[in-house]
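Novice: Going by this note's numbering, the sequence shown opens with residue 204, and the numbers climb by one from there.
We put the beta carbon where it would ideally sit given N, CA and C, even for glycine.
Small disclaimer: the values here were computed from a predicted structure and weren't measured.
Mind looking over this structure? Questions follow.
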Amino acid sequence: MSYDRAPELGVGYFAGRHVLAEFDGIDPLLLDDLGFLRDALESSLRDAGATICDVVSKQFEPQGVTVLALLSESHASIHTYPEIGSMFLDIFTCGETADPELAAHLLRDRLGALDARINTVHRGHPIPSETAR
Numbered sequence: 204m205s206y207d208r209a210p211e212l213g214v215g216y217f218a219g220r221h222v223l224a225e226f227d228g229i230d231p232l233l234l235d236d237l238g239f240l241r242d243a244l245e246s247s248l249r250d251a252g253a254t255i256c257d258v259v260s261k262q263f264e265p266q267g268v269t270v271l272a273l274l275s276e277s278h279a280s281i282h283t284y285p286e287i288g289s290m291f292l293d294i295f296t297c298g299e300t301a302d303p304e305l306a307a308h309l310l311r312d313r314l315g316a317l318d319a320r321i322n323t324v325h326r327g328h329p330i331p332s333e334t335a336r
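As structure tokens, this is what we get:
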């Protein structure tokens, strides 16, 4: 098998962006609403070009929600802390078919977060469009 050939930049390309974010100042009722959070995550991912394969979620007692999305491009997760109006977000996508930063910004806006810290880690091989910048 030869590894000299440059692979396509689609989902199977060994490169990606891993977005790690924390949102604060969110209505605690939204952060404990499993249905709303699933819908908000799914719509944000789809609007950013991601392909959702499956979503699982868990409502915790006395409060808090975790939602995990399996994507063709990789995965996304949210973990909420209604008691302090905060949540963690993790989105990793391979290739260039989905934009994890856009998904994070869309979710931030849908939740009405007053503060957001969003960081991106570039993983794998360099993506040609990013090295040309």
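Residue 286 by DSSP, collapsed to three states: which one?
Specialist: On the sequence shown, residue 286 is found 83 positions in, with the first residue counted as 1. Looking at residue 286 - three-state DSSP - the assignment turns out to be helix.
Novice: For residue 295, which option in 216, 217 and 221 has the closest C-alpha, if you only look at C-alpha atoms?
Specialist: Counting from 1 along the sequence shown, the entry for residue 295 is found at position 92. The shortest Cα separation from residue 295 among 216, 217 and 221 belongs to 221.
Novice: Helix, strand or coil for residue 328? Go by DSSP, reduced to three states.
Specialist: One-based indexing of the sequence shown puts residue 328 at position 125. Of the three classes helix, strand and coil, the one that applies to residue 328 here is coil, per DSSP.
Novice: Start and end of the alpha helix (DSSP H) containing residue 245?
Specialist: Locating residue 245 in the sequence shown gives position 42, where the first residue counts as 1. Residues 237 to 250.
Novice: Where does residue 304 fall in DSSP's three states?
Specialist: Looking up residue 304 in the sequence shown gives position 101. Helix at residue 304.
Novice: Alpha carbons only, please: which of 254, 235, 236 and 243 is nearest the one belonging to residue 307?
Specialist: On the sequence shown, position 104 is the one that residue 307 refers to. The candidate whose alpha carbon is nearest that of residue 307 is 243.
Novice: CA-CA distance, residue 340 and residue 314?
Specialist: A query on residue 340 cannot be resolved here, the shown segment of the chain reaching from 204 to 336 and no further.
Novice: Compute the Euclidean distance between the alpha carbons of residue 280 and residue 217, then round it to the nearest angstrom.
Specialist: Here residue 280 corresponds to residue number 77 of the sequence shown, with the count starting at 1. Here residue 217 corresponds to residue number 14 of the sequence shown, with the count starting at 1. Using only the alpha carbons, I get a separation of about 21 Å.
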